[in-house]
Every structure is written in C-alpha cells, then in structure tokens.
Amino acid sequence: MINISPHTNVCNLLTFDTEEWFHANYDRVNLAECRGKGSNFRQQMDGLLQLCSDTGCKATFFVLGCIGEDYPDVVRSIVRSGHEVASHGYSHQLAYTQTREVFRADVKKSVSILENLTGMKVQGYRAPSWSIVEKNLHYLETLEELGISYDASIFPVKTFLYGIPDAPTTIHHPRVNGRELNLFEVPMSVTRLFGKNIGYSGGFYFRFFPHFFIKQCIQRANRRGENAIVYLHPREIDAEERRLSLSWKEAFIHFHNIRGTKDKLERIMKEFTFISIAEHLRRMQQDQRS
C-alpha cells in the first residue's frame, strides 16, 4: 500500500532518463565513439534502485534502446524492483533532427529491445533532450500509431535546445492537425517566475535550485491538485563519473552541483510520495470510470 504524503493526497511522479555519462546533445559529442569506453553506470543504477527501495518510491525509467543492448540485466532489475520501463529512443538522437521515418524506426527499435527484455508492453516515451517541439509536434501521431499510451517529451519552457513555452502544463490529450490524439501528453513540471515558465524539479533545474525552493514548488502544485514530476539522469548522482569536454556554458548546465544532487534527491523522495507515470495514468482513468 502506498502511503500518502502528509502534505497532500496527490502522488508525484518520479522519472529517470536512463543513459550513460556521454549521452548528450551538444555539437562536438560523438556518441558512437564514447560507447563501450567504461563508466559507473551499473553502480549509479544500483544506487537509484536502492534509494527507491529505501524511500518506498516507484519510478518510470525512460531507457535508451542501446542501454538495453549493453546492460540487459540492469533493465530487467528495474522491472524486478517494481518500476516501469519506458522508451527514451534508441541512441539519444534529437527527435527534431530526424525525419519522421527515422524517428519511427528509432522508437520502434527501442521498444522492441525493451519489450523483449522485460516481457512487458512499453507504454511511454520521452524524447532525448525534450526534443518534441513545435516543428515536429506531429511526430506524436507516430507514437500513437506505434501503440504508445503516453508521451512525456514536452517541456513548457523555451531554451536554446528545447521547449514549447505555451504548451499546456497539465496532463492532457494533445491535438495535432486538428485531431485529439488517443494518447496522453505528460508535460514536465514548471513554475512561474518573473512572468515566465521555468523548470524546477529535474536536471539542471533540480541541481541549481535549493531544496527549500523545489519543496515549495512541489507543495504548491500539489495544493492545486497537480502532480509534480522529478527527472534526473544516473550520472547526476555521481560526482566521480567521467565528464565530457564542453564549453564553459555547456559544462555549467551539464555538471553544476552534481556533488549535492543525491542528498537533495533523497530528501525530496522522503518528503513526498512518488509513483510511476503508468501507475498514475491507470489510477486517473480508473477514477474517471467510477
């Protein structure tokens, strides 16, 4: 039985983009050259699964297809621990740089690998680096055609790499080409700051903002009856992991405050109740039927 957070009767959503230290979408990063060169990935995943066990939290792990090929035992251990395995694509390519046909093949390949490993249907997808944006929003139709139940790729902000700033901020059925799709969109959590949407509960935002600010934002969302979504990468809990050679700006975004992230994550996981996206959608649909 899930214990409801003392702050609210709303469960929050815990997600991990499950990839290696080199999976990033900056110009000079050659993903193929880095693959197989060694990492702390197994220890990082052991740490995340143990943290989930210690705090009683369940999560959605958005797993790259190539991770399934390289670490099949790790993917199986996610499912054995009671978590959801969803698709993060195959090799961490930006979706908006792919043709629709290449995008379809990439997602289909990843889903096939993950389903063969786990024996369970892959229900969800998150694009690498939030790369479903306005110009390729119609790719959601491809996910629908592939039988994906939900997408979690849209970040309602605007950055140099991603974002749809005026996108809906709550779970909904997206409209594409004048039609409401038969899948859910689960957008990343944002708060309003200086009149603009800004992230607070994942990646750089989670590393940058102090614990009290993240906690307040989650509480505020929960008081509105909304779920907050946390997302991190395995490398973000490991200050000893190898590092990419990046420009000053890119390095700040990619590595800032990694040393303090695991402790902050543990505090948040102890203070709130977290479940997987698939479980939340199941409960939501059950409530609508009753």
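Each residue of the sequence shown is one higher than the one before, starting from -12 at the first, in this note's numbering.
Glycine included, every Cβ here is placed at the ideal spot set by N, Cα and C.
May I ask you to report which of helix, strand or coil DSSP gives Ser217?
According to the sequence as given, residue 217 is Val; it is not Ser. Strand at Val217.
In the DSSP assignment, find the beta strand (DSSP E) that holds Ala73 and state where it starts and stops.
71 to 74
Exposed or buried, which one is Glu121 when buried takes at least 16 other CB atoms within 10 Å?
exposed
If you run the structure through DSSP and keep just helix, strand and coil, what is Thr84?
helix
Kindly indicate the opening and closing residues of the alpha helix (DSSP H) around Asn209.
198 to 210
Compute the distance between the beta-carbons of Glu6 and Leu38, then report whether it is under 8 Å.
no
Going by beta carbon distance, what residues of the same chain come within less than 6 Å of Met256, once the five residues before and after it are set aside?
Thr42, Cys44
Reduced DSSP category for His(-6) - H, G, I as helix; E, B as strand; rest coil:
Only weak support is given to the placement of His(-6): the predicted model assigns it a pLDDT of 39, under 50, and the question is left unresolved by the model.
Between the beta-carbon of Ile220 and the beta-carbon of Leu233, is there less than 8 Å?
The displayed chain sequence assigns His, not Ile, to residue 220. Not a contact, by the Cβ cut-off of 8 Å.
Where do the N-terminal and C-terminal ends of the alpha helix (DSSP H) with Thr42 fall, by residue?
28 to 42
Please classify Ile(-11): does DSSP put it in a helix, a strand, or coil?
At Ile(-11), the pLDDT of 31 sits below 50, so the modelled position is not reliable; the number obtained from the coordinates is stated separately. Correct three-state label for Ile(-11): coil.
Alpha carbon of Lys24 to alpha carbon of Ile224, nearest angstrom
20 Å
Is Gln272 helix, strand or coil when you go by DSSP?
helix
Closest to Asn(-1) by CA distance: which of Ser68, Ser97, Ile201 is it?
Ile201
Who pairs with Glu121 in a beta bridge, going by DSSP?
Per DSSP, none; premise fails for Glu121.
So what does DSSP say about Ile158, is it helix, strand or coil?
coil
Along the beta strand (DSSP E) that carries Thr5, what are the first and last residues, could you check?
-1 to 5
What are the start and end residues of the alpha helix (DSSP H) that includes Arg63?
59 to 67
Residue from Asn27, Ile65, Ala154, Glu128 whose Cα sits closest to the Cα of Leu101:
Ile65
Looking at the structure shown, is Arg15 part of a helix, part of a strand, or coil, going by DSSP?
coil
Whole-angstrom Cβ separation of Val61 and Val109, contact assumed at under 8 Å?
Their Cβ separation, rounded to whole angstroms, is 16 Å, which puts Val61 and Val109 out of contact at 8 Å.
Below 8 Å on the Cβ atoms is my contact criterion, and I expect Lys95 with Leu133 to pass it. Report the Cβ-Cβ distance as a whole number of Å.
6 Å
Skipping 5 residues on each side, what residues in its chain have a beta carbon closer than 6 Å to that of Thr248?
Arg194, Glu223, Ile224
Residues in the same chain with beta-carbon distance under 7 Å from Tyr77, minus the five sequence neighbours each way, listed in chain order, please.
Leu51, Gly52, Cys53, Asp93, Lys96, Ser97
Grouping DSSP H, G and I as helix and E and B as strand, with all else coil, what is Ile264?
helix
Whose C-beta lies closer than 8 Å to the C-beta of Glu56 among residues of the same chain, with five residues either side of it excluded?
Ile100
Hey, out of Leu168, Ser277, Arg179, Met175, whose CA is closest to Asp4's CA?
Met175
Beta-carbon spacing of Asn27, Glu213 below 8 Å:
no
Any idea what DSSP makes of Asp93, helix, strand or coil?
helix
Nearest-angstrom Cα distance between Asp274 and Leu268?
10 Å
Mind checking Ser263: buried by the 16 CB within 10 Å criterion, or exposed?
buried
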